[in-house]
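*Asks:* Under my numbering, the first residue of the sequence shown carries the number 1, and numbering increases by one thereafter. Beta carbons: idealized from backbone N, C-alpha and C, even for Gly. Here it is, the structure, as structure tokens.
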Amino acid sequence: MFPFHGVDYLEIDGLFNDQEKLVRQTVREFVDREVLPGIEEWNREGKFPRHLVPLMAELGFFGANLEGYGCAGMSNVEYGLIMQELERGDSGLRSFVSVQGALVMYPIHAYGSAEQRQRWLPALQEGTAIGCFGLTEPDFGSNPAGMRTRAQKDGDHYILNGEKAWITSGSIADVALVWARTDEGIRGFLVEKGAPGFTSKDIKGKWSLRASVTSSLSLEDVRLPASDMLPGALGLRAALSCLTQARYGIGWGALGSAMACYHEALEYAKARKQFDDKPIASHQLIQAKFADMITEITKAQLLALQVGRLKDRGRADFAHVSMLKRNNVRMALEVARAARDILGANGVADEYPIFRHMCNLESVFTYEGTHSIHTLIIGERVTGIPAYK
Ligand SMILES: Cc1cc2nc3c(=O)[nH]c(=O)nc-3n(C[C@H](O)[C@H](O)[C@H](O)COP(=O)(O)OP(=O)(O)OC[C@H]3O[C@@H](n4cnc5c(N)ncnc54)[C@H](O)[C@@H]3O)c2cc1C
């Protein structure tokens, strides 16, 4: 593990203000101090580092770009930099923060009643409550419109039945935002841990995001008061708007993984000697790999920053965010694979962080809209023709 001081080929730092750089530095130090010393062990053991939740809450990571209820009210660029630095530590940790803020706090903030906001937002911000977001089902991933989970109205209650799959933080969540079909359309329900008929089970055997909890949720005749439904969220559009928030953070987060892999490979290549006692960094084919890596990271940094600035001006929409998520995650995966190659055999050992990042990025490539689904979103934006079916 070599000390990290950022990756900046094109003086992109000059495009950030002092406050943004301060946020970045704070998270960078947090990751160096609290995450990197333990992450390989947590990853090996498949253990979520729960003890970091209060520390991250204190630093304002949860719902950082939301206003009120104890939230930090940061800009979207500051929020993006938090995601970048956290993912330099581990994509699983960043996933936890993304879900808590963008997929649970954001919808309660945007679509919840005054009581729901008061009840959940301060607790989620302080990390005394954990949330999860249940959209995906065993048979419906890329096409959540087909979901089978149903909420049947029964007087002033709803009765929920269905299964959700691949839910980050599912079994550790105090509250699950579950999306279900009703007679009026798809709606979001806040289901509390311990509600009769509501159970969760962890998905074991993941080779990716091992330091993050991923679970299945089961709902069997779960009876909820109608006041547990988000009143402002009607239709799949509301659920997708939450995904746009999370995908935005992922676009920045992927940069963190890419920077970690690039940096590690560069330091390694300068130290590792092969052929005539020369560092492998002096060989042309290795330099070509670094030229590609730094060029792609730099382009991705500019893309993230532009989408962030647009978002801060209220001008970023879901198709802009698709380009950010799609490009930056693929870029990070390619950088991780090239970095793995540069480390030779050491690249497959968890003494170095690269293989872990590479495996994590396989999930990041798939979740929050697969790479192909984002291709179709961009394709629809430029041609005006939807090609999903
Ligand atoms: C670690 C992890 C954590 C997750 N956390 C959450 C969570 O917290 N909450 C949640 O709700 N979900 C979560 N997910 C689920 C994730 O969002 C889904 O896996 C994702 O949407 C893809 O769905 P699927 O896995 O069912 O793949 P499928 O939809 O079955 O897709 C399989 C393949 O087919 C391709 N494909 C599908 N449709 C088309 C098409 N029209 N044209 C071209 N190609 C297509 C896809 O791109 C993909 O390559 C998580 C997943 C993982 C791996």
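#1: Within the region 105 to 190, note down every full beta strand (DSSP E) run reaching 3 residues or more, in order along the chain.
#2: State the beta-bridge partners of R223 as determined by DSSP.
#3: What would DSSP say about K193, mapped onto helix, strand or coil?
#4: Between which residues of its own chain and F318 is the CB-CB distance below 6 Å, once the five residues before and five after are set aside?
#5: Less than 6 Å between C-beta atoms, sequence neighbours within five positions excluded: which residues of the same chain meet that for G112?
#6: May I ask you to list the residues that DSSP assigns as paired with K273?
#7: Starting from T383, follow the alpha helix (DSSP H) in both directions and report where the run begins and ends.
#8: Nearest-angstrom Cα distance between R181 and F62?
#9: Can you say whether G194 is buried or exposed, counting buried as having 16 or more other CB atoms within 10 angstroms of its CB?
#10: With burial defined as no fewer than 16 other Cβ atoms inside 10 Å of the residue's Cβ, what is the status of N328: buried or exposed?
#11: Excluding the five sequence neighbours on either side, which residues of its own chain have a C-beta within less than 7 Å of the C-beta of A233, listed in chain order?
#12: Under 8 Å: do the region 376 to 387 and the region 69 to 80 share three or more Cβ pairs, one atom per stretch?
#13: Considering only DSSP beta bridges, list what M229 is partnered with.
#14: Kindly examine ligand 1 and report whether one of its heavy atoms sits closer than 7 Å to the Cβ of G101.
#15: Taking the C-alpha atoms as reference points, what is the distance between V307 and K21?
#16: Can you grab the Cα-Cα spacing for the pair V175 / Q116, in whole Å?
#17: In whole angstroms, what separates the C-alpha of S212 from that of G80?
#18: Can you tell me whether DSSP reads F62 as helix, strand or coil?
#19: Determine the direct distance from the alpha carbon of G134 to that of L66, and round the result to whole angstroms.
*Replies:* Considering the structure as presented:
#1: 131 to 134, 150 to 154, 157 to 168, 175 to 182
#2: Counting from 1 along the sequence shown, the entry for residue 223 is found at position 223. DSSP, once it has assigned bridges, lists I159 as partnering R223.
#3: What you label residue 193 is simply residue 193 of the sequence shown in a count that begins at 1. In the structure shown, K193 sits in coil (DSSP, three-state: anything other than H, G, I, E or B).
#4: The sequence position of residue 318 within the sequence shown is 318, counting from 1. If we look at F318 and ignore the five residues flanking it on each side, its Cβ neighbours are T244.
#5: The count along the sequence shown starts at 1 and reaches residue 112 at position 112. Counting only Cβ-Cβ distances below 6 Å, and skipping sequence neighbours, we find L230.
#6: Numbered from 1 along the sequence shown, position 273 holds the residue referred to as residue 273. K273 pairs with P279.
#7: Position 383 of the sequence shown, counted from the first residue, corresponds to residue 383. 371 to 383 is the extent of the alpha helix (DSSP H) around T383.
#8: Numbered from its first residue, the sequence shown carries residue 181 at position 181. Numbered from its first residue, the sequence shown carries residue 62 at position 62. Computed Cα separation, rounded: 29 Å.
#9: For the purposes of this step, residue 194 is taken as residue 194 along the sequence shown, with counting starting at 1. Answer is exposed; the Cβ neighbour count stays below 16.
#10: Sequence index remark: in the sequence shown, residue 328 carries index 328 (1-based). It is buried - the Cβ of N328 has at least 16 other Cβ atoms within 10 Å.
#11: Taking the first residue of the sequence shown as 1, we reach residue 233 at position 233. Only P107, Y111, R187, G188 meet the Cβ criterion.
#12: Three or more Cβ pairs closer than 8 Å define a contact, and the region 376 to 387 falls short of that threshold against the region 69 to 80.
#13: What you label residue 229 is simply residue 229 of the sequence shown in a count that begins at 1. Answer is F189.
#14: Locating residue 101 in the sequence shown gives position 101, counting from the first residue. No, since every heavy atom of ligand 1 falls outside the 7 Å radius drawn around the Cβ of G101.
#15: In the sequence shown, the residue the question calls residue 307 occupies position 307. In the sequence shown, the residue the question calls residue 21 occupies position 21. When the Cα atoms are used, V307 and K21 turn out to be separated by approximately 18 Å.
#16: Counting from one through the sequence shown, the residue named residue 175 turns up at place 175. Counting from one through the sequence shown, the residue named residue 116 turns up at place 116. When rounded, the distance between both Cα atoms is 11 Å.
#17: In the sequence shown, residue 212 corresponds to position 212, counting from 1. In the sequence shown, residue 80 corresponds to position 80, counting from 1. C-alpha separation (whole angstroms): 20 Å.
#18: As a position in the sequence shown, residue 62 is number 62, starting the count at 1. Judged by DSSP in its simplified three-state form, F62 adopts coil rather than helix or strand.
#19: Translated into positions along the sequence shown, residue 66 becomes position 66. Translated into positions along the sequence shown, residue 134 becomes position 134. Roughly 21 Å between the two C-alpha positions.
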